[in-house]
Amino acid sequence: MAETAILYDSSKCTACKGCQVACKQWNQLPSPLTSEEYEYTKSFQAPLDLSPNTWLIINFAEVDKEIGIDWNFMRNSCFHCTEAACEMACPVGAITHKDGGAVVIDQEKCIGCRYCVAACPFGVPRWDEAKNKTFKCWQCFDRTSADRKPACVTTCPTGALEFGDRAEMLGIARERVDQLKAAGHTKAEIYGENELGGLHTIVVAQRGLEAHGLIRDPKIGVTDFWQFLKPLGGLGIGATVAGLGLSYLMALGYKRGEYSYDEKTDTLTVKEVE
Amino acid sequence: MRYIQRHSAFARGLHWIHTIACLSLFATGLVLFIPSVAAAVGMATVQGARVVHRVMAVIFIVAPIASIIISPKGFVHLWKSLFFKWDADDKEFMAKFFPYLFFGAKQHMPPQRINKSGQGVADGALIFLSVFISITGVIIWFPELFSTGIVRWSIMLHSGLMILIGVFMCAHIYLGAGIFQPYRGSGKLMYGNGRVSESDALYHWGTWAKEEFQKGDNIIVE
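Chains A and B, in that order, give the protein sequences. Position in the first sequence (first residue = 1) + 42 = the working numbering. Position in the second sequence (first residue = 1) + 145 = the working numbering.
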């Protein structure tokens, strides 16, 4: 199966939040039901952050201008990295890449250790204390594996979200960036083409990566050591056991002498043992 | 037969507790370290292993701290016996140790004080590594109290320290349990009555054994 990706074009997004609702609806994720459960921050962004029951939100980076404000929207959800730190960190192999590139947590296997929560450079996976499991967007793999688009894409009314062959999505993104630059958005750029081996969520950042809260050149960091640590550890302990085994074999048959001491005359005697 | 009472019942008890905790931590930690092991034992067992890991971690941390509070003199004695200024014999012992491991019959080793210089290095390293693995373990247990960067490093260090401790433990068990032929009988020092025979004491810690026989306080004749 060819690699697939979601394309998010921030220049077409109106932050209607239909994608948020569709995600919750399709994945049966409950929402807080009372206004008290939402913190008032004067922002139109709601909810304020991802959670075990919210796998997708539209972030509002509202920047004041001389007249009015810039609405720098950003789809905040899993980027489905090719080099996925969460997958590297998972100690039980619960996180895997599916055909097409989606990074999916197998809830049957998840033990709630939160290693993936710490490892993700984007802070996407969220731990549910009551269930002792970690949750995140799975790119609606149940839908995509049946040739349907993710729920968020299907519901987007402005065409800001698309889904399909990754190369095709990149082509559309490049074309759109060129259009935006020609229209005066000189900082417009693509996110996800090469980051972390290539993301499976491609972003058209209309006002540049930083304006949309995207991390330029994200790094896996120390989590990358996993690939060396486990083989090195096995090698280290294996070499130690082998060395000690050799020592044991070399000493086979050796009998130590019998030592005695006369403290009155300060004499040490060693009697050889046959 | 003459013996020297080398280890107290308190020290042996603590060593027993730490042995059980350490081996349990290693076994349950391995389940979380190798995904194929987790898959083989099943997720219910993995969750059980996590609970046991935490219970044993508490014992692993609390037991030595409690022992320091109960017997501060014992702690000072341990510290001084492991970390001391090396004399010529200590340096010679360390230089000859690896040839001795493979050619024990031919390699003459210099007399040692209450602990060999190599013991100071290995046991001292185990103590320091244990402190660090405990700190990183607590951070992993309560990640919400620390920054993501600290938690990320702690997860990696915790695993790296487990490997290092594993290497030292292999050598510690090989020598301490008396698997190495010249060390036969050493196991009962910590797991038995804590007594060392005259011959073993003179072979392993010649300088210390002579001092003990001259003082006569800890000598048992049977």
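Every residue gets a Cβ at the ideal spot worked out from N, C-alpha and C, and that includes glycine.
Closest Cα partner of residue i within the set the options
i        : options                                   : result
Arg218/A : Lys173/A, Ile232/A, Trp97/A and Trp169/A  : Ile232/A
Phe155/B : His253/B, Phe220/B and Ser279/B           : Phe220/B
Thr352/B : Glu237/B, Arg258/B and Asn363/B           : Arg258/B
Lys175/A : Thr265/A, Ala215/A and Cys155/A           : Cys155/A
Asp170/A : Asp268/B, Glu289/B and Gly282/B           : Glu289/B
Lys151/A : Gln150/B, Ala166/B and Gln192/B           : Gln192/B
Thr197/A : Trp180/A, Cys58/A, Ala44/A and Pro163/A   : Cys58/A
Met43/A  : Ile244/A, Ser93/A and Thr186/A            : Thr186/A
Leu177/B : Ala189/B, Val312/B, Pro256/B and Arg195/B : Arg195/B
Leu310/A : Val366/B, Glu367/B, Ile364/B and Gln359/B : Gln359/B
Ala144/A : Gln269/A, Thr243/A, Ile262/A and Pro74/A  : Thr243/A
Thr56/A  : Arg117/A, Leu92/A, Leu241/A and Ile257/A  : Arg117/A
Ala161/A : Gln221/A, Lys261/A and Glu45/A            : Lys261/A
Lys223/A : Gly234/A, Val245/A, Phe205/A and Gly250/A : Gly250/A
Lys261/B : Ser292/B, Glu367/B, Phe238/B and Asp345/B : Phe238/B
Ser342/B : Glu367/B, Phe171/B and Phe291/B           : Glu367/B
Phe183/A : Phe177/A, Gly142/A and Gln149/A           : Gly142/A
Gly258/A : Glu314/A, Arg216/A, Gly234/A and Ile48/A  : The question names Gly, but residue 258/A is Arg in the sequence shown. It is Gly234/A.
Thr173/B : Gly263/B, Trp161/B and Ser304/B           : Ser304/B
CA-to-CA distance, residue j to residue i, given in whole angstroms
i        : j        : result
Asp51/A  : Ala247/A : 7 Å
Lys54/A  : Thr200/A : 6 Å
Val240/B : Lys225/B : According to the sequence shown, residue 240/B is Ala rather than Val. Roughly 22 Å between the two C-alpha positions.
Met254/B : Leu274/B : 28 Å
Arg374/B : Tyr290/A : Because chain B in this structure spans residues 146 to 367, residue 374/B falls outside the shown range and cannot be described.
Pro209/B : Arg199/B : 16 Å
Leu168/B : Thr265/A : 26 Å
Ala354/B : Ile149/B : 8 Å
Leu238/A : Cys179/A : 18 Å
Phe228/B : His152/B : 18 Å
Leu223/B : Gly269/B : 10 Å
Gly187/B : Glu125/A : 27 Å
Leu280/B : Pro217/B : With the sequence shown as reference, residue 280/B is identified as Ile, and Leu is not the correct amino acid for it. Rounded to whole angstroms, Ile280/B to Pro217/B spans 22 Å at the Cα level.
Leu159/B : Ile213/B : 11 Å
Lys251/B : Leu302/B : 40 Å
Leu306/B : Gly240/A : 33 Å
Ala139/B : Val283/B : Here chain B has residues from 146 to 367 only, and residue 139/B is not among them.
Phe164/A : Gly323/B : 51 Å
Gly280/A : Leu309/B : 12 Å
His118/B : Cys158/A : Residue 118/B lies beyond the range of chain B shown here (146 to 367); nothing can be said about it.
Phe270/A : Asn338/B : 44 Å
Ser93/A  : Arg168/A : 6 Å
Ile153/A : Phe177/A : 11 Å
Asp345/B : Val146/A : 60 Å
Trp68/A  : Leu90/A  : 21 Å
Phe243/B : Arg340/B : 27 Å
Expected contact under 8 Å - CB spacing of residue i and residue j to nearest Å
i        : j        : result
Ala183/B : Val134/A : 4 Å
Leu203/A : Cys61/A  : 6 Å
Ala253/A : Asn101/A : Contact doesn't hold; Cβ gap of about 11 Å is too wide.
Phe247/B : Leu288/A : 7 Å
Leu71/A  : Thr96/A  : 7 Å
Ala211/B : Leu170/B : Going by Cβ atoms, the distance from Ala211/B to Leu170/B rounds to 18 Å, so no, they are not a contact pair.
Ser119/A : Leu98/A  : 4 Å
Ile48/A  : Phe267/A : That pair is no contact at about 30 Å.
Arg208/A : Glu45/A  : 4 Å
Residue i CB to nearest heavy atom of the ligand NAD below 7 Å
i        : result
Ala161/A : With respect to the ligand NAD, the structure offers nothing, as it holds no ligand at all.
### Task
Spell out a yes or no on whether the stretch 179-197 of chain A and the stretch 315-334 of chain B are touching, meaning 3 or more CB-CB pairs, one atom from each, closer than 8 Å.
no
### Task
Note down, one range per segment and in chain order, each alpha helix (DSSP H) of at least 4 residues found wholly within the stretch 53-88 of chain A.
60-69
### Query
When the Cβ atoms of the stretch 68-85 of chain A are set against those of the stretch 119-138 of chain A, are three or more pairs found closer than 8 Å?
no
### Query
Can you find at least 3 beta carbon pairs, one from the stretch 294-314 of chain B and one from the stretch 286-295 of chain A, that sit closer than 8 Å?
no
### Task
Could I get the ranges of all uninterrupted beta strand (DSSP E) runs contained in the stretch 296-342 of chain B, with 3 residues as the minimum, in chain order?
340-342
### Message
List, from N- to C-terminal side, the alpha helix (DSSP H) runs of 4 residues or more that fit wholly inside the stretch 244-299 of chain B.
### Response
262-286
### Message
For the structure I just gave you, are there three or more beta carbon pairs, one from the stretch 86-94 of chain A and one from the stretch 206-214 of chain A, closer than 8 Å?
### Response
no
### Message
Assess contact between the stretch 330-337 of chain B and the stretch 297-310 of chain A, defined as three or more Cβ pairs (one per stretch) separated by less than 8 Å. Is contact present?
### Response
no
#### Entry: Uninterrupted beta strand (DSSP E) stretches inside the stretch 215-273 of chain A (no shorter than 3 residues)
231-233 and 243-247
### Whole alpha helix (DSSP H) elements within the stretch 148-222 of chain A, 4-residue minimum
157-161, 183-186 and 193-197
### Message
As an exercise, report each continuous alpha helix (DSSP H) stretch of at least 4 residues that is fully enclosed by the stretch 151-209 of chain B, in chain order.
### Response
154-178 and 180-186
### Message
At 4 residues or longer, what runs of the alpha helix (DSSP H) sit wholly inside the stretch 114-139 of chain A?
### Response
127-131
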